[in-house]
Amino acid sequence: MFDFRQNADAHRILDRDSATLLPVYARYPVVMDHGNGVYLFDSSGNRYLDLMGGLGVNALGHAHPRMVAAMADQAGKLVHLSPQYASRYPGELAERLCALSGLKGVFYSTGGSEAVEGALKLARTHARQSFAHPKHGIVALRNSYHGRTYGSLSVTGQEKYRLDFGPGLPHVTFVDRNNLEQLRTAVTEATAAILIEPILGEGGVNLIDDTFLAEARRLADQHNALLIFDEIQCGLGRTGDWFAYTRSGVQPDVLILGKPLGGGIPLSALLVNEKLFDAFGAGKHGSTLGGSPMACRLGLEFLHVVEDEGLLAQVVDTGAYLFDQLRKLAASSPIAVEARGRGLLLGLEITEPGRPIAEAALAQGLLLNVVQGNVLRFLPSFLLERKHVDVAIELIRKIINIVGIPEHGQASNPSKTKSYGLV
Ligand SMILES: Cc1ncc(COP(=O)(O)O)c(C=O)c1O
């Protein structure tokens, strides 16, 4: 077990962070130094198997040699360029993304929330240009997560995130996932867009049925609304297909991508179909840092590496294996409820708070992520192999068996993190 108290330098860094960085994140008491493949190393040299994957960004793990080479080469040539000037990679990446998705055009921005903002603006301007009657409504899912900016927060179906910041965007209606009746009632001629996260990631890793996606498509067509899929978390190979919607056969009008796209350099993309290609037009939208030559070059390299290394197949194989192990764990552990998800976007719901489990795992060299308080969410690199799964499952099994004994409580002892002001 790692003893984080031994490293005075790490203490200094954590104390300085506590004093200078707004306490927005419930951080863990560790200072990371570098990464390699599926592992991260802290400033004391301890190694961690990374199943959090930078919240889904580090799909190629850490310091992938091809990404490092592309980044170094591009750094010496052109990092940023005013979006008014052309360079090689933005169009090349857009062409590739369109070929993969069947969509027609791309607008780049930096983070996921910014791309969601773009999608909402696009839906509104499209409705305004095309229809005379008021058509402002957005239908979104309860328990969804779309980001922290005002528009994206307003369509996030979790009141806890919106509560302190209201009022948000009006004309937003939430429906329960997979509830066809609620969806049919909510979508009307006043609906500009239906916004769906095909797998609710932050919401606890819950799948959306193909029938629900198909009904959303039918209703969008019937009422002249746009169908928008937010695949910031579940897209770009995470499920073993290029997109989570691929298997459903349901084609969105708008697709939002982010997280792993820029290989760790901020990059998100709004993809639209042919009829929306000109909806923004010159001067209606923008992003100074969106779609830089560096980010787009890395985006292309990311897609090439996934293809060249057969990583979609690996995601399917390792994901199925991890899912199976989690299901067995759920069947055998008194505190594990259910395993959910697809590919390498998986969740294990437990009856206890997840944080003490993640802290105990950290101290033993395993990085876990917790959402909704009691769901362990797995967003590892696509490079993960079965042998890594075996190590992780063995450790999780041990930890949840200990946490499952009520009087134990060692892992949840708050004094362990107190000196860093952590939650
Ligand atoms: C589905 C989904 N949409 C939007 C976002 C927001 O992205 P960002 O945090 O990059 O703004 C996230 C982030 O987790 C997400 O998972």
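Take the sequence shown: its position 272, counting from 1, is numbered 252 in this note's numbering, and each next residue is one higher.
Just so it is clear, CB atoms sit at the ideal spot from N, CA and C, and this is done for glycine as well.
Please read all numbers here as calculations on a predicted model, not as lab measurements.
Regarding residue i and ligand 1, is the C-beta to nearest heavy atom distance less than 7 Å?
| i | result |
| --- | --- |
| V96 | yes |
| D412 | Residue 412 lies beyond the range of the chain shown here (-19 to 403); nothing can be said about it. |
| D258 | no |
| Q138 | no |
| I337 | no |
| Y125 | yes |
| Y35 | The sequence given here places Leu at residue 35; Tyr does not occur at that position. Within the cutoff, so yes. |
| E182 | yes |
| Q213 | yes |
| D210 | yes |
| E365 | no |
| G321 | no |
| P92 | The sequence as given places Gly at residue 92; Pro does not occur at that position. Answer for G92: yes, Cβ within range of ligand 1. |
| G238 | yes |
| E177 | yes |
Could you spell out where the alpha helix (DSSP H) holding residue i opens and where it closes?
| i | result |
| --- | --- |
| T153 | Run containing T153: none in the alpha helix (DSSP H); it sits in the beta strand (DSSP E), 152 to 155. |
| M51 | 45 to 55 |
| R277 | 273 to 288 |
| R366 | 366 to 383 |
| R197 | 190 to 202 |
| G34 | 33 to 36 |
| S93 | 92 to 110 |
| E329 | Where E329 is concerned, there is no enclosing alpha helix (DSSP H), although the beta strand (DSSP E) it sits in stretches over 325 to 330. |
| L58 | From DSSP, L58 is part of no alpha helix (DSSP H); its letter is neither H nor E. |
| T298 | 291 to 312 |
| Y130 | 130 to 134 |
| C78 | 68 to 81 |
| L163 | 160 to 166 |
| K140 | 139 to 142 |
Spatial neighbours of residue i within its chain, please: C-beta separation below 6 Å, excluding the five flanking residues on both sides.
| i | result |
| --- | --- |
| H42 | G15, N16 |
| D225 | For the record, residue 225 in the displayed sequence is Tyr; it is not Asp. Excluding positions up to five away in sequence, the list reads P178, F209. |
| A194 | V230 |
| A74 | V86 |
| P158 | Residue identity differs from the one stated: residue 158 is Asn in this sequence, not Pro. D189, F192. |
| T90 | P246, L269, G270 |
| V155 | Q162, L163, A166 |
| Y8 | L342 |
| R122 | G137, F154, D156 |
| L199 | V167 |
Kindly indicate the opening and closing residues of the beta strand (DSSP E) around residue i.
| i | result |
| --- | --- |
| V355 | 355 to 358 |
| S248 | 248 to 252 |
| T171 | 171 to 176 |
What three-state label does DSSP hand residue i in the structure shown?
| i | result |
| --- | --- |
| V234 | strand |
| I337 | helix |
| G261 | coil |
| H(-9) | helix |
| V86 | strand |
| R27 | strand |
| Y19 | strand |
| L209 | The residue asked about is misnamed: residue 209 is Phe in this sequence, not Leu. It is a strand residue. |
| E318 | strand |
| N393 | With a pLDDT of 35 at N393, under the threshold of 50, the modelled position of this residue cannot be trusted; read the value that follows with caution. Correct three-state label for N393: coil. |
| V350 | strand |
| N119 | For the sequence presented, residue 119 should be read as Val rather than Asn. Reduced to three states, the DSSP call for V119 is strand. |
| T219 | coil |
| A224 | coil |
| S124 | coil |
| V185 | coil |
| L422 | The structure shown has nothing for residue 422, since the chain only spans -19 to 403. |
| D13 | strand |
For residue i, I'd like the list of residues in its chain whose CB is within less than 7 Å of its CB, leaving aside the five on either flank, ordered along the chain.
| i | result |
| --- | --- |
| L40 | M47, G243, F282, V285, S361, F362, L363 |
| A343 | M(-19), F(-18) |
| S124 | T136, G137, E177, L180, G183 |
| D13 | F21, D22, S23 |
| G334 | V350, G353, N354, V355, L356 |
| V18 | L29, D30, G41, P360, S361, L363, L364, H368 |
| S67 | L58, L61, P273 |
| H151 | H116, G117, I118 |
Within the same chain, show all residues whose beta-carbon is closer than 8 Å to that of residue i, passing over the 5 residues directly before and after it, in chain order.
| i | result |
| --- | --- |
| T168 | G117, H203 |
| V59 | S272, P273, M274 |
| K255 | D233 |
| Y301 | R366, V369 |
Next on the checklist: Under 8 Å, with one C-beta from each stretch per pair, do the region 218 to 238 and the region 290 to 307 reach the 3-pair mark?
Outcome noted: yes
Checklist entry - Using 8 Å as the threshold, is the region -5 to 5 in touch with the region 311 to 325, meaning 3 or more CB pairs across them? => result no
Checklist entry - Per the contact definition of three or more C-beta pairs closer than 8 Å, is the region 257 to 275 in contact with the region 90 to 107? => result yes
Next on the checklist: Can you confirm whether the region 368 to 379 touches the region 24 to 37 when touching is taken to mean that 3 or more C-beta pairs between the two stretches lie within less than 8 Å?
Outcome noted: yes
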